[in-house]
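Colleague: Quick note on full-length UniProt numbering: the sequence shown kicks off at 1 and runs consecutively. Heads up, the beta-carbon is just placed ideally off N, CA and C, and yes, glycines get one too. Since the model is a prediction, treat every value here as computed from it, not as a measurement.
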Amino acid sequence: MTIDVSTVSPNLANQAWADSLNGLTIIRDCGTTMAIHPRVPDTAITTFLNHKAVADFCCLRCEVGNIGAEAQIEKALDTAGLPASFGRRALGADIARLVAIVARLSGANAVKVRLDRITNNACRLFHPDNVSLRLVCTYRGPATQWLPEEACDRSGIGSGNNDAIVRDWSRVQSLRPFWVGVMKGERWPGHQGGGLLHRSPPLETGDWRMFLALDPVE
């Protein structure tokens, strides 16, 4: 299957493409603030997320050690009330793979897992994260948007107005469902004031997202 990459400009200075999950180590490069691994959607996970029982899911929060991560995540999915199925096992296995990537990138012994069913526009403002790095993946719905450095005005951060932050709306970049993005935040060494500016995309009425964020425990 051909992957549509039209939502991302191909040659941005602070962005890098990875042809595998292991290739996301490119985020360590000095000039890179967003590393992207494009993926095709997993049919089993997509089918599971369309199950009516998932409509009652709100969120999952846990810390997972990088040894035995899949079993820990399965237990957390149970506790969160997501019904056991082949699709849920596929979701848990994918999250475990991504936990391993974050642990490898950061050297952390544990990773914070946040899985949210998002139904509102609460995170609509472009902002940096107060972490060293964050891995994001949207399994359903519109995916994370971010700004190239030349398209943002950092003096507008905290104004409550995206128009004070975005110099050129045509330069806003977007991940796609199942793509994996790793972003540098404000706590990356030597990177204070340079964390990638990103946001949750606007949602149409009645739409929702299944969003995963992974942070190293620092």
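Taking the alpha carbon of residue 73 as the point to measure from, which residue in 114, 54 and 167 has its own alpha carbon closest?
Modeller: One-based indexing of the sequence shown puts residue 73 at position 73. Minimum Cα distance to residue 73 is reached at 114.
Colleague: How big is the Cα-Cα spacing for residue 24 and residue 15?
Modeller: As a first step, residue 24 must be located in the sequence shown, where it is residue number 24. As a first step, residue 15 must be located in the sequence shown, where it is residue number 15. Residue 24 and residue 15: Cα-Cα distance of roughly 11 Å.
Colleague: In this structure, how does DSSP classify residue 187 when only helix, strand and coil are distinguished?
Modeller: Taking the first residue of the sequence shown as 1, we reach residue 187 at position 187. Looking at residue 187 - three-state DSSP - the assignment turns out to be coil, as it is neither helix nor strand.
Colleague: Going along the chain, which unbroken runs of the beta strand (DSSP E) with 3 or more residues stay wholly within the region 68-151?
Modeller: Counting whole runs of 3 or more residues, the region 68-151 contains the beta strand (DSSP E) stretches 110-118 and 133-140.
Colleague: What are the partner residues of residue 181, as DSSP defines its beta bridges?
Modeller: For this step, residue 181 is matched to residue 181 along the sequence shown. 36 and 136, per the DSSP bridge assignment.
Colleague: Assuming contact is defined by CB atoms lying nearer than 8 Å, are residue 134 and residue 21 in contact in what I supplied?
Modeller: Here residue 134 refers to the residue found at position 134 when the sequence shown is read from its first residue. Here residue 21 refers to the residue found at position 21 when the sequence shown is read from its first residue. It is not a contact, given that the beta carbons lie outside the stated cut-off.
Colleague: Does the region 38-50 come close enough to the region 172-188 that 3 or more CB-CB pairs lie under 8 Å?
Modeller: Contact holds: three or more Cβ-Cβ distances are below 8 Å.
Colleague: Looking only at its chain, what residues have a beta carbon closer than 6 Å to the beta carbon of residue 65, apart from the 5 residues adjacent to it on each side?
Modeller: Position 65 of the sequence shown, counted from the start, is the residue given in the question as residue 65. The answer, listed in chain order, is 110.
Colleague: Compute the distance between the beta-carbons of residue 141 and residue 207, then report whether it is under 8 Å.
Modeller: Taking the first residue of the sequence shown as 1, we reach residue 141 at position 141. Taking the first residue of the sequence shown as 1, we reach residue 207 at position 207. Taking 8 Å as the Cβ cut-off, residue 141 and residue 207 qualify as a contacting pair.
Colleague: Please classify residue 170 as buried or exposed, where buried requires at least 16 neighbouring CB atoms within 10 angstroms.
Modeller: Within the sequence shown, the letter at position 170 stands for residue 170. The residue in question, residue 170, is exposed, as its Cβ has fewer than 16 Cβ neighbours within 10 Å.
Colleague: For residue 159, which three-state DSSP category applies?
Modeller: For the purposes of this step, residue 159 is identified with residue 159 of the sequence shown, where counting begins at 1. In the structure shown, residue 159 sits in coil (DSSP, three-state: anything other than H, G, I, E or B).
Colleague: Apart from the five residues on each side of it in sequence, which residues of its chain come closer than 6 Å, Cβ to Cβ, to residue 8?
Modeller: The residue labelled residue 8 in the question sits at position 8 within the sequence shown. Hits under 6 Å: 173.
Colleague: Going by CA-CA distance only, name the one from 117, 214 and 148 that's closest to residue 80.
Modeller: As a working note, residue 80 is residue 80 in the sequence shown. When only C-alpha atoms are compared, the closest one is 117.
Colleague: Taking the beta carbon of residue 75 as the centre, do at least 16 other beta carbons fall within 10 Å, making it buried, or is it exposed?
Modeller: As a position in the sequence shown, residue 75 is number 75, starting the count at 1. It is exposed - the Cβ of residue 75 has fewer than 16 other Cβ atoms within 10 Å.
Colleague: Please check the pair residue 27 and residue 94, which I expect to be a contact at CB under 8 Å, by giving their CB distance rounded to whole angstroms.
Modeller: The sequence position of residue 27 within the sequence shown is 27, counting from 1. The sequence position of residue 94 within the sequence shown is 94, counting from 1. In fact, because the Cβ distance is near 19 Å, the residues do not count as touching under 8 Å.
Colleague: Rounded to the nearest angstrom, what separates residue 60 and residue 217 at their Cα positions?
Modeller: Translated into the one-based positions of the sequence shown, residue 60 becomes position 60. Translated into the one-based positions of the sequence shown, residue 217 becomes position 217. Looking at the two C-alpha atoms, the distance is approximately 16 Å.
Colleague: For residue 145, I'd like the list of residues in its chain whose CB is within less than 7 Å of its CB, leaving aside the five on either flank, ordered along the chain.
Modeller: Within the sequence shown, residue 145 is the residue found at index 145, counting from 1. Correct list, in chain order: 172, 173, 174, 198, 199 and 201.
Colleague: One question on the structure: do residue 211 and residue 119 come within less than 8 Å of each other, judged by their Cβ atoms?
Modeller: Numbered from 1 along the sequence shown, position 211 holds the residue referred to as residue 211. Numbered from 1 along the sequence shown, position 119 holds the residue referred to as residue 119. Contact: no.
Colleague: Write down the C-beta distance between residue 88 and residue 48 rounded to the nearest angstrom, noting that I regard them as a contact closer than 8 Å.
Modeller: Walking along the sequence shown from the start, residue 88 turns up at place 88. Walking along the sequence shown from the start, residue 48 turns up at place 48. Between residue 48 and residue 88 the Cβ distance is about 6 Å, and since that is below 8 Å, they are a contact.
Colleague: Which residue wins for smallest C-alpha separation from residue 191, given the options 17, 128 and 67?
Modeller: In the sequence shown, counting from the first residue as 1, residue 191 sits at position 191. Residue 128 is the option with its Cα nearest to residue 191.
Colleague: When the Cα of residue 101 is compared with those of 131, 136 and 90, which residue comes out closest?
Modeller: Residue mapping note: residue 101 aligns to position 101 of the sequence shown, counting from 1. The shortest C-alpha separation from residue 101 is found at 136.
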